[in-house]
Amino acid sequence: MSDVQWKNPVVKWVDERLPVFSLMHHSTVGYPTPKNLNYWWNFGSLALTCLIIMIVTGIFLAMSYTPHASMAFDSVERIMRDVNYGWLLRYLHANGASMFFIVVYIHMFRNMYYGSYRAPREMLWFLGLAIYLAMMATGFLGYVLPWGQMSFWGATVITNLFSAIPLVGDDVVTWLWGGFSVDNPTLNRFFSLHYLLPFVIFALVALHLWALHVVKSNNPAGVEIKSEEDTIPFHPYYTIKDLYGIAIFMIIYLAFVFWAPNFLGHPDNYIEANPMVTPPHIVPEWYYLPFYAILRAFTADAIIYIPFGWFFITPKLAGVIAMFGAIIVLFFLPWLDTSKVLSAKYRPVFKQFFWIFVINVLILGYCGAKSPTDTLFGIKLEIVSQVATFYYFAHLMVLTPLIGWMEKTREVPNSIAAAVTKPTKTEEA
Amino acid sequence: MRKFVISAVFGAVLAASAVVGSAFAAGDAVKVEGQDWSFSGVFGKYDKKQLQRGFLVYKDVCAGCHGLRQVAYRNLLEIGLTEEAVKEYAAEFEVPAGPNDDGETIVDGELLVRPAKLSDKMVPPFANEQAARVSNSGAFPPDLSLMTKARMNGPDYLYALLTKYEEEVPEAFLKEYKEKHGEEFVLPEGMSFNHVFPGYQIAMAQPLSEESVEYEDGTEPTLENHAKDVTAFLNWAAEPELEARKSMGVKVMIFLLLLSVMLFALKKRIWSDVH
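Just so you know, the sequences run in chain order G and E.
Counting in our numbering, the first sequence runs from 1 upward without gaps.
Counting in our numbering, the second sequence runs from 1001 upward without gaps.
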């Protein structure tokens, strides 16, 4: 590791006592990266960028925010009106959450397309899923803090999910609330946890990167690094490529912040929380919508509910199990995928099913946003979400292993170097 | 480059679906006509003269029932009112002044008060929700500080709400309503008919009409102008930072575009020896 000779005496002195400079050198200049990574591989560094922006803006927001049921809403308005650049901080933070999720969703779909979750990268994938789960929790907690109507009623609906737990459900909910309804104690603890979890995410990201540096990046060819010919150093090649990606990302992100800062939010959250008035439609933030659709798909007369009925599971509990199951099942993906080939580039059948899966998730998102009585192409959304929920699990648990066994894959290149030089003349990256 | 374009397109599609999703998430907002606002668009700015007219409408018509509790009197200086005028306006209102030297806030059963100053938040017309309901036959006029942000397409909706009243429920509407819902539309006693308000009935009687307010700058005192001006004013009340936000946005975008071009050129150069 410490194969670098430092010339600067101060650097040398520090490094001999705590090899931070060697560590940095080792994980940048000395870190071999596949030379064929495309722009889909930018989304990891983008996600880290988002996390840093969220933590920094969040710390400054917390300096001016008051986590009290009777003052939270007004303290947010004070940030918007009277705190210097408070509007910028808050809009960066609110839109940053949405951007973080867009980036992470693309990062996850990229992972599924190129089979990056497969051996030897299972731990990397698990840590990624853990980060995603922690993000979902953090996002939900944060949305409650402005104490608007959607904050309050969203918190009420989501915490009530735990009442589906048999026997102890109601007690668990009372325990979560710190009272008998969502109220000041709930807001207090949500603020505390919302401040805590990003640092948990940060630690998980450190582990995620550690695991990455052990197994190295996957790549579009889905073949492992075999020789030095396959790789280039992370710095300067991928540092500059990531920086360029960050600049493009900032253009999109800041366009929302400066010109459509409330586009991804809900107007009802500019009405102060009122326990006596329920909004006509309670909807979570957009990034939870597919899971919200899965939750609501389990009605007593739904076909997908029948097997749960055999075990005397209520429809509500079935929905909760399925919603959490939708993420739990992803942990098994490394073994559900039976193909010998990692990358969808060489898997003509899987490639098509992958895109159907993406569309299916988008349809679930649409179902989550609308009322179950609305229609899509003339079909009631209640039915659409049941079919889409079924397909979500069928794709992961049945189709993925089946395609892996039966698919005739295309020829995989021998090495990354071969993959880069062979197919196209105008390979830009 | 081709790959980058595909990536960008996919990213855009995902972002767009998020946008569509969130737009749908707002539920069944009534469709309202889009209006031309000086503050919309990339370079949008408030028209100060319009905001001043809008303030006049708010002060003379809305303020009787609707508060602007997030706005301070000093903020009114930003729309071009003189300090004297604002001080005079603020002094018309009373705010709690206690405790006095003896530590009392109430003397002889009366709350100690003083005239409002520039630094005070605008005083709401009613002490609390109960008082507001008593004075408005049970209805609660909401605070307007954030109204344009608290409704889908806020400014367009507000303008439509103020201009789409009808004295009588239109025949065509009754017919259409019956076809759609299978039952008669009945307007309850004391309610007014409005085309865009949810449920088509609103407790607020038509607040604005021609010459509701006397304009001093020669603008026609039509219902449309009143509605437009007060909506612009309320949008300013909800988003006083709008001008600063948009003008900063333009500068930031110019910087970012230049930066990304340079980073792309640098990336090309650094990568030129790979393969």
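For every residue, glycine included, the Cβ atom is placed at its ideal position computed from N, Cα and C.
Bear in mind the structure is a predicted one, so any value in this text is a computation, not a measurement.
Where DSSP assigns a beta bridge to Pro19 (chain G), which residues make up the other side? Beta-bridge pairing links Pro19 (chain G) to no other residue.
Output the distance between the C-alpha atoms of Ala1023 (chain E) and Pro280 (chain G), rounded to the nearest integer angstrom. Note that Ala1023 (chain E) scores 45 on pLDDT, short of 50, meaning its location in the model is unreliable; the coordinates nonetheless yield the value given after this. Each residue's Cα considered, the two are about 15 Å apart.
C-alpha gap between Phe331 (chain G) and Tyr1200 (chain E), whole angstroms: 50 Å
Measuring alpha carbon to alpha carbon, tell me which residue in G:Ala322, G:Gly30, G:Arg347 and G:Ile158 is nearest Glu228 (chain G). G:Gly30
Please state if the CB of Ile225 (chain G) and the CB of Ile131 (chain G) are separated by a distance shorter than 7 Å. no
Where do the N-terminal and C-terminal ends of the alpha helix (DSSP H) with Arg81 (chain G) fall, by residue? Ala72 to Arg81
Would Val1196 (chain E) and Val1032 (chain E) be called neighbours here (beta carbons separated by less than 7 Å)? yes
Can you check which of these residues, G:Tyr392, G:Leu333, G:Lys370 and G:Asn414, is closest to Met112 (chain G) by C-alpha distance? G:Leu333
Using the beta-carbon of each residue, which ones in chain E are nearer than 8 Å to Asn262 (chain G)? Lys1149
Own chain residues within Cβ distance below 6 Å of Leu1076 (chain E), not counting five before or after: Val1086
Cα separation between Asn1165 (chain E) and Ile282 (chain G)? Here the sequence assigns Tyr to residue 1165 (chain E), which means Asn is not the residue at that position. Approximately 29 Å, taken between the alpha carbons.
Assuming Val1071 (chain E) and Ser1119 (chain E) form a contact by the criterion Cβ under 8 Å, report the distance between their Cβ atoms to the nearest whole angstrom. That pair is no contact at about 12 Å.
Test: Gly1289 (chain E) CB closer than 7 Å to a CB of chain G: Nothing in the structure corresponds to residue 1289 (chain E), since chain E is present only between 1001 and 1275.
is_contact[Leu1256 (chain E), chain G] using C-beta, thresh 7 Å: yes
Which residue from G:Thr375, G:Val412, G:Gln5 and G:Trp286 puts its Cα closest to that of Ile102 (chain G)? G:Trp286
I want to see whether chain G comes within less than 7 Å of Gln1070 (chain E), judged by CB atoms only; does it? yes
For the alpha helix (DSSP H) containing Val104 (chain G), name the first residue and the last one. Gly86 to Tyr113
Inspect the beta-carbon positions of Leu1256 (chain E) and Met397 (chain G) and report whether they are closer than 7 Å. no
Phe1193 (chain E), DSSP secondary structure in three states: strand
Three or more C-beta pairs below 8 Å linking the region 355 to 369 of chain G and the region 291 to 304 of chain G: yes
Sub-7 Å separation of Thr1148 (chain E) and Pro1155 (chain E) beta-carbons: yes
Taking C-alpha atoms, which residue in G:Gln386, G:Pro67 and G:Leu18 lies nearest to Ile363 (chain G)? G:Gln386
Environment of Ala1265 (chain E) [buried if 16+ CB atoms lie within 10 Å]: exposed
C-beta neighbour in chain G for Gly1190 (chain E), strict 7 Å: no
Assign Ala260 (chain G) to one of three DSSP states: helix, strand, or coil. coil
Beta carbons nearer than 8 Å to chain E: which residues of the region 227 to 261 of chain G have them? Ile232, Pro236, Tyr237, Ile240, Lys241, Leu243, Tyr244, Ala247, Ile248, Met250, Ile251, Ile252, Leu254, Ala255, Val257, Phe258, Trp259 and Pro261
Would you be able to state if there are at least three C-beta pairs under 8 Å between the region 114 to 130 of chain G and the region 197 to 215 of chain G? yes
Quick check: the Cα distance between Ser2 (chain G) and Phe234 (chain G), rounded to an integer number of angstroms? Any answer about Ser2 (chain G) is weak, because its pLDDT of 49 lies below 50 and its placement is not dependable; what the coordinates show is given next. Distance between the alpha carbons of Ser2 (chain G) and Phe234 (chain G) is about 18 Å.
Could you have a look at Lys408 (chain G) and say whether DSSP puts it in helix, strand or coil? coil
Val1250 (chain E), enclosing alpha helix (DSSP H) - first and last residue: Leu1242 to Trp1271
Buried versus exposed call for Asp15 (chain G) [16 or more other C-beta atoms within 10 Å across all chains shown]: buried
Do you know how far the Cα of Val172 (chain G) is from the Cα of Glu1224 (chain E)? 55 Å
Note down, in chain order, each residue of its chain lying with its Cβ closer than 7 Å to the Cβ of Met323 (chain G), except the 5 sequence neighbours on either side. Phe291, Ile294 and Leu295
Could you give the first and the last residue of the continuous alpha helix (DSSP H) run that contains Val144 (chain G)? Glu122 to Val144
Report the CB separation of Trp177 (chain G) from Pro185 (chain G) in whole angstroms; it is logged as a contact under 8 Å. 7 Å
Output needed in chain order: residues of the region 1042 to 1072 of chain E with a Cβ under 7 Å from some Cβ in chain G. Val1042 and Gln1070
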